[in-house]
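Read the structure below first, then the notes.
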Amino acid sequence: MVTEAIYGGQCGGLVKSQGGVGKAQARASMGVARMGKRRCVLIADDARSVAVRLADLVGETGQFEIVGPVYDGLEAKRSFEAKRPDAVILDFAMPLLSGLEVVQAIRKVSSTCFIIVLTNQSDASVRQRCLAAGADQYLHKSRDFEAVPGILAAHFERIP
1 MVTEAIYGGQ CGGLVKSQGG VGKAQARASM GVARMGKRRC VLIADDARSV AVRLADLVGE
61 TGQFEIVGPV YDGLEAKRSF EAKRPDAVIL DFAMPLLSGL EVVQAIRKVS STCFIIVLTN
121 QSDASVRQRC LAAGADQYLH KSRDFEAVPG ILAAHFERIP
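Note that the sequence shown ends on residue 160 in the UniProt record's numbering; no numbers are left out.
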């Protein structure tokens, strides 16, 4: 299980792993040869178990380098600024900064980062606000969680 990974500089180099290395980290290096370039994905959710499970799910494909997971909106914003990942998966309801505020901050500096808001919020107005702020996808955790790696892969297959 991935517990936490700390990356140095922009996406690309694993510097230190705290607590242990999960299947996501172990398989990630095997996927580079078949895919060419792995895309960086930042994962942010204040529910640590959800964030770690998502990091494992996305990372075990071998197609993505995982940044984080991080556990609040401010940490997500700072990690994005420092690492410039290709994609961000974040919860809507997080402490310090909401997912909506993080989406807005990312869109101020990047129009190309693929942003997925993955949440338990089913309110249509929340969905509309996230999409209007620049989120590319708004997914429900209980319904769409397992589909996230496929959604990421499909998105990046369309981009050279």
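Glycine included, C-beta positions come from ideal geometry on N, C-alpha and C.
Exercise for review: Could you pull the start and end residues of the alpha helix (DSSP H) that residue 106 belongs to?
Suggested key: If you number the sequence shown from 1, residue 106 lands on position 106. Under the DSSP assignment, residue 106 falls in the alpha helix (DSSP H) whose first and last residues are 99-109.
Check your understanding: Apart from the five residues just before and just after residue 96, which ones in its own chain have a Cβ nearer than 7 Å to its Cβ?
Key -> As a working note, residue 96 is residue 96 in the sequence shown. Non-local C-beta neighbours of residue 96 in its own chain, meaning closer than 7 Å and more than five positions away in sequence, comprise 72, 73 and 74, ordered along the chain.
Point to revise | Bridge-paired residues (DSSP) for residue 41 | key: Taking the sequence shown and counting its residues from 1, one reaches residue 41 at position 41. Listed as beta-bridge partners of residue 41 by DSSP are 66 and 87.
Check your understanding: Considering only residues of the segment 105-159, which uninterrupted alpha helix (DSSP H) runs meet the minimum length of 4 residues and lie entirely inside it, listed in chain order?
Key -> Correct list: 124-133, 141-144 and 148-157.
Review point. By DSSP, does residue 96 sit in helix, in strand, or in coil?
Key: One-based indexing of the sequence shown puts residue 96 at position 96. In the structure shown, residue 96 sits in coil (DSSP, three-state: anything other than H, G, I, E or B).
Point to revise | residue 54 and residue 106 closer than 9 Å at C-beta | key: Counting from one through the sequence shown, the residue named residue 54 turns up at place 54. Counting from one through the sequence shown, the residue named residue 106 turns up at place 106. Not a contact, by the Cβ cut-off of 9 Å.
**Study point:** Residue range of the alpha helix (DSSP H) that includes residue 72
**Key:** Position 72 of the sequence shown holds residue 72. Element bounds for residue 72: n/a, residue is neither H nor E.
Point to revise | Residue closest to residue 48, alpha-carbon to alpha-carbon, out of 79, 91 and 64 | key: What you label residue 48 is simply residue 48 of the sequence shown in a count that begins at 1. Selected option, being the one with the closest Cα: 91.
Review point. Buried or exposed: residue 142, going by 16 or more other Cβ atoms within 10 Å of its Cβ?
Key: Within the sequence shown, numbered from 1, the residue matching residue 142 stands at position 142. Label assigned to residue 142: exposed.
Review point. With respect to 8 Å, is the separation between the Cβ of residue 92 and the closest non-hydrogen atom of the ligand PLP below this value?
Key: Although the ligand PLP was asked about, the structure shown includes no ligands whatsoever.
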